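Undergrad:
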Amino acid sequence: MKKIVLLCASGMSTSMLVKKMQEAAAAANYDCSIDAFSATDAAAKAADADCILLGPQIRFQKNKIAEQVPGVPVDAIDMRMYGRMDGKGALEFARKLMND
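Just add 165 to wherever you are in the sequence shown, counting from 1, and you've got the working numbering.
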């Protein structure tokens with residue numbers, strides 16, 4: 166099972182997108198766990214993730230977060246995708262990031 170972690174400033178705004186991504190994963194019969202946390206918890210909560218998606222508001226922290234979780238792919242979610250709460254698109258983005 167793949168572990169996808171979303172990070173944002175507080176972990177709250179991404180929680181809505183997590184729900185949409187979980188619905189998309191269930192519809193696609195894709196076995197994964199998807200959780201949202203504050204970026205300040207990256208090292209503790211995301212070190213064992215298969216990929217980390219950043220909310221657009223913290224995309225400037227990409228390099229800093231990547232240094233905290235060596236070997237874990239990290240990238241920012243597209244602002245339009247995030248704004249539309251496009252769970253299917255975000256899940257597809259995560260799968261590409263993991264080469265899955």
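Virtual Cβ for every residue (Gly too), placed ideally from N, Cα, C.
Since we're looking at a predicted model, the values are computed, not measured.
If V141 sits next to K210, beta carbons under 8 Å apart, how far is it from one beta carbon to the other, in whole angstroms?
TA: Here the chain comprises residues numbered 166 to 265, so residue 141 is not present and cannot be evaluated.
Undergrad: Looking at the secondary structure, which residues open and close the alpha helix (DSSP H) in which S175 lies?
TA: No alpha helix (DSSP H) contains S175, which DSSP labels as neither H nor E.
Undergrad: Does the beta-carbon of T179 have 16 or more other beta-carbons within 10 angstroms, so that it is buried, or is it exposed?
TA: Per the 10 Å Cβ criterion, buried.
Undergrad: Among T205, A241, A204, whose alpha-carbon lies nearest the alpha-carbon of A259?
TA: When each option's Cα is compared against that of A259, the closest is A241.
Undergrad: If distances are taken between C-alpha atoms only, which option among F202, G236, A193, I230 comes closest to M181?
TA: Measuring from the Cα of M181, the nearest candidate turns out to be F202.
Undergrad: In the DSSP output, which residue or residues are listed as bridge partners for I217?
TA: Answer by DSSP bridge pairing, in chain order: V170, V239.
Undergrad: Are there 16 or more other CB atoms within 10 angstroms of the CB of M126, so buried, or fewer, so exposed?
TA: Shown here, the chain extends from 166 to 265; a query on residue 126 therefore has no answer.
Undergrad: Following the continuous beta strand (DSSP E) through A201, name the residue where it begins and the one where it ends.
TA: Looking at the DSSP string, the run of the beta strand (DSSP E) that includes A201 is 197-203.
Undergrad: Assuming L172 and G248 are in contact, meaning their beta carbons sit under 8 Å apart, how far apart are those beta carbons, in whole angstroms?
TA: 17 Å between Cβ atoms; not a contact.
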